[in-house]
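Heads up, the thing below is written out as structure tokens.
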Amino acid sequence: MKRERCCDQIRRQLSVRVPQTQPVEEATRLHLETCAGCSAFLNRLERLEAQVIAWPNHTPSASLAARISVALVAESASCPAKRAGGISRLQTSLKGLKEHRTMIKRVSWAGAALVGVLILTAGHQRGHATSVLKRMGDASQRIKTVHLIGWNCELSPDVAEEVANGNTGISITRVLPHRFEAWIKNGQWREAQDQDVTVYTSGKTWQNGVPVPDATQPPLLTSFALRAITGENSFGPGVEFTSQILGEEVLNGQTTTKLVLESKKKPGVDGVDPVQERRLFWLDPNSYLPIRMEQMRYNLDRWGLDAVVWFDYNQPVSNTLFDAAKVRMEPHGRVDYLHSPAQSLYRFTNDQYNQYTSILSDNTREQRQINADTSLTQVQKNDLLKKTAADCNLRLRNMMTPDQQRLFADWWYVQPKIMEKLWTPQQRKEDAKWHAEQMVLMKAWFASQDEQTQNRLRGSIFGNPTP
Amino acid sequence: MTLDEKNLARRFRDGEAGSFDTLYREYGTRIFRFCLRLCGNDACAEDLTQEVFLAAYVGAKRFEGRSSLATWLYRIALYQWRNMQKACRLETVPLDDTVAVLSSDPAQAGLERITLENALAALPEPLREAFLLVKSEGFLCREAAEILGIPEGTLKARLYTAVLKLQSLLEAPESATAHQQPGRATRPKEILQ
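Chain order of the listed sequences is F and S.
Just so you know, we're using our numbering here: the first sequence kicks off at 1 and counts up by one.
Just so you know, we're using our numbering here: the second sequence kicks off at 468 and counts up by one.
See below:
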């Protein structure tokens, strides 16, 4: 009995040692020499500790530093009391963070640019937001035509519901942003989303030339965007919101005034959690009309981008655009949209798009070569892969404008997060395979001249949207 | 606490320029690894690390310097981790992407890692935290107890129990992991934000 108690004490003492730093005491060592049970215990313990010590030294991704920086700025900006003392300290801190090049790779450079913008804007409070908002609403009354291009980035309600229900097998094509383009003139609307064209005129709606009997309202996305400009029920009837001028920002070479509206939390529909929305406007300081708008929603503990819209006003718009019976589906952008949001979302020129695909192809080829090189150890391969990725990201950065860089960083941050949540690696592999097959079908669809073949291919593509 | 640590703690508390960078540079990777071991996947670990440093930044003035910066950051990490667990609704599985690729024998290292991680995942949370702090993070029992906010004796008891449980689980890996899919580590509660 006494021996058992002694053994128990010895094993407790051994268990609480810090591996590799605290030696076995002399008394314990003497006990171990005479006790096979405790000696075996120590062997097992040392094996266990060796396994723990051998854990690989994972390092955080390069984007983490930038993410933290952005979060800090957002935190400072969201709390005015802290801002006064916080921003200057942060600016210096961020500068230091940016100097750690090893930390900064794909997202961080653009994240840092975003941080710069945020600091700049958060630090300058000018003008009166409510009067600016009113001027924007007044100016919108004088608009004759609107041409807008946007991307709907939110998860569609059916996908969101599936995620909530635990379905993880969701195709990438269902979570990419949807491009839409619209023209509005004299109460007539034409909205193209992906390849479908909706025309609204005289209280009636046609989709791809076919009347839609029950639809008596203007298309949802564009009417939402226009309501946002006019200030009419900005976040829905009765929902309170705050407004703030964030200062000036140069957008595509033009100086703009940045205005943010943020709703209070409003009740979700059908028992869904309350939602909070934020709307950013880049206003032309002369006309007070927005050039660009971003719609964001607080979800999953972060502000996520729901939609981006670019506006152009009072340009000549042909009436033939609203000739409902003549409107057919248009294939614009569909392949690009499926392949990547690059050309549509980031507004790459053709030259930029070619560079983009070339850089990504080079990167894929280099990765394959490294992985196939049997003369390299895994450690060497990992180092080379990291270097290759850094080179690739640097080349991508150099070909983009700052505005494109920011969008790119947003999307590259959001998309992996979605994918991590939704897919296992096996599902990701299957999806990639399915996606490649879809691309072949899609190209064949656009290449075919025969309507019957087109319909068959379209059915193959859209009839079975999940792998 | 070394002189450097004391100096950094003072600079950080006073909001001195550049001190946050130094803090992140010194402790970012350590905290990330600890978070990774707590939650089991990279994405969640990065989110958690971000929360830790955000909370540290916000609460810098409240850091009184009575404990070391490391102790303070680990305490925040555990606090944030518990908050995350409370908020989590769905169960997922961390994936084999993060299995030990740097080992000299990746295949074998992967198997060991999964087995050890499975065994750790099967431990009750208090035992797992105690084990990780001492055996993986190298804190003395006194420091680990301070981080967890428990008496040192309780910490030692938890650590001993954790060691016994892990030994028994690792000696019978088949039975311990029989219900799991091969190649997958599971956790009772995984974050899916």
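Think of the CB as a built atom: it goes at the ideal place given N, C-alpha and C, for glycine as much as any other residue.
Check	Outcome
Paired residues, beta bridge with glutamine 188 of chain F - DSSP	F/Lys185
Pairwise C-alpha distance: alanine 389 of chain F and valine 210 of chain F	48 Å
Which of helix, strand or coil DSSP assigns to valine 601 of chain S	helix
Neighbour list for cysteine 608 of chain S in chain F, Cβ cutoff strictly below 7 Å	Val16
Among F/Ile184, F/Pro219, F/Ser202 and F/Gln188, the one whose alpha carbon lies nearest that of aspartate 196 of chain F	F/Pro219
Proximity test, Cβ basis, 8 Å: threonine 21 of chain F and chain S	yes
Beta-carbon proximity of arginine 292 of chain F to valine 309 of chain F, cut-off 8 Å	yes
CA-to-CA distance, threonine 377 of chain F to phenylalanine 180 of chain F, given in whole angstroms	48 Å
Cross-strand partners of arginine 279 of chain F (DSSP beta bridge)	F/Leu261 and F/Gln295
Alanine 66 of chain F - partner residues in DSSP beta bridges	Alanine 66 of chain F is not bridged to any residue.
Glutamate 248 of chain F - partner residues in DSSP beta bridges	F/Thr257
Close beta carbons around proline 477 of chain F, own chain, < 6 Å, minus the five adjacent residues each side	Residue numbering for chain F in the displayed model covers 1 to 467; residue 477 of chain F lies beyond these limits and cannot be assessed.
Alpha-carbon spacing of serine 140 of chain F relative to aspartate 312 of chain F, whole angstroms	12 Å
Contact list for lysine 602 of chain S against chain F, beta-carbon separation under 7 Å	Pro19, Glu49 and Val52
Simplified DSSP state of aspartate 284 of chain F, which is helix, strand or coil	coil
Distance CB(alanine 612 of chain S)-CB(proline 618 of chain S) smaller than 8 Å	yes
Interface flag, leucine 583 of chain S vs chain F, CB-CB below 8 Å	yes
Serine 635 of chain S: CB within 7 Å of a non-hydrogen atom of the ligand GDP	Among the components modelled here there is no ligand, and therefore nothing to report on the ligand GDP.
CB contact check: threonine 59 of chain F to chain S, cutoff 8 Å	yes
Pairwise C-alpha distance: threonine 222 of chain F and isoleucine 614 of chain S	54 Å
Three-state secondary structure (DSSP) of asparagine 152 of chain F	strand
Burial state of serine 571 of chain S (16 or more Cβ within 10 Å)	Confidence in serine 571 of chain S is poor, its pLDDT being 30 and thus under 50, which makes the residue's placement unreliable; the coordinate value appears in the next sentence. Exposed, by the Cβ-count rule.
Beta carbon of glutamine 547 of chain S nearer than 8 Å to that of alanine 510 of chain S	no
8 Å Cβ cut-off: residues of chain S touching leucine 64 of chain F	Gly495, Phe499, Glu513, Thr516 and Gln517
Buried or exposed by the 16-neighbour rule on C-beta atoms within 10 Å, applied to glutamate 294 of chain F	buried
Glutamine 193 of chain F (DSSP reduced to helix, strand or coil)	strand
Of the residues S/Asn508, S/Lys528 and S/Leu503, the one placed nearest tyrosine 541 of chain S, counting alpha carbons only	S/Leu503
Cα-Cα separation, leucine 545 of chain S to glycine 526 of chain S	15 Å
Chain F residues whose Cβ lies nearer than 7 Å to that of lysine 623 of chain S	Arg12 and Val16
DSSP beta-bridge partners of tyrosine 313 of chain F	F/Val146
Candidates F/Phe241, F/Asp158 and F/Asn363, of which the one nearest arginine 279 of chain F by Cα	F/Phe241
Minimum Cβ-Cβ distance from leucine 72 of chain F to chain S less than 8 Å	yes
Listed by chain order, chain F residues near glutamine 552 of chain S by CB distance under 9 Å	None at all; the shortest Cβ gap to chain F is about 14 Å.
Lysine 144 of chain F, buried or exposed, once every other Cβ within 10 Å from all chains shown has been counted against 16	exposed
Chain F residues whose Cβ lies nearer than 8 Å to that of phenylalanine 530 of chain S	By Cβ distance, chain F contributes nothing, its closest Cβ being about 15 Å from phenylalanine 530 of chain S, past 8 Å.
Sequence-distant residues of its chain with Cβ nearer than 6 Å to valine 260 of chain F (five each side left out)	Gln244, Leu246 and Leu280
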